[in-house]
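Numbering-wise, the working numbering comes out as the position in the sequence shown, counting from 1, plus 119. For glycine and all other residues, C-beta sits at the position ideal for the given N, C-alpha and C. Here the structure is a predicted model, which means the values were calculated and not measured.
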Amino acid sequence: EQAQSICPEYVNSSRFRLMFLRGTVFDVKLAAEKIVAYWSRKLELFGEERTFHELSIRDMFDEDEEALSRGGIRALPERDEAGRGLIISFRTSYDVRPGHRDSMLRLLWLMTNEILKDV
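What follows is the structure in structure tokens.
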């Protein structure tokens, strides 16, 4: 509801809704549940100031840059044979100290968001 009132053009865009419909093989009820979970988790990870617009690398927090420099999560420059974007994860590079877990999740979110822009 908050997202709908703050950024209706983003929430109501075909591109945004199709991400969830495709991810649920067009199960509308499941897609709606995932959209609600998406906004809840995005708000938790990014805070209100960064949540209600399409994210970009500029939305990283300072501490996220450390997670990026560790190289635990990387978006590959190539795509697979079906044209899908690829993300590789090196668990040995994860920093699991309190607070750092959220940095890794934000980084993964941002990379996934960039890859999905091309879909």
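The Cβ-Cβ distance between residue 195 and residue 205 falls below 7 Å. When Cβ pairs closer than 8 Å are counted between the two stretches, the region 171-178 is seen not to touch the region 214-224, the count staying below three. Straight through space, the alpha carbons of residue 149 and residue 128 are spaced by roughly 22 Å. Contact annotation: residue 181 and residue 226 have beta-carbon atoms that are not nearer than 7 Å. DSSP places residue 204 in the strand class (E or B) of the three-state scheme.
Straight across, the Cα-Cα distance linking residue 208 with residue 230 is about 11 Å.
For residue 164 and residue 143, the gap between their C-alpha atoms comes out near 23 Å.
In terms of Cβ geometry, residue 171 and residue 201 do not form a close pair [threshold 7 Å]. If you draw a straight line from the Cα of residue 131 to the Cα of residue 199, it comes to about 30 Å. In the three-state reduction of the DSSP assignment, residue 120 falls in the coil class, being assigned neither a helical nor a strand state. Counting along the chain, the unbroken alpha helix (DSSP H) around residue 127 starts and ends at 127-130. Secondary-structure assignment with DSSP links residue 194 through a beta bridge to 206.
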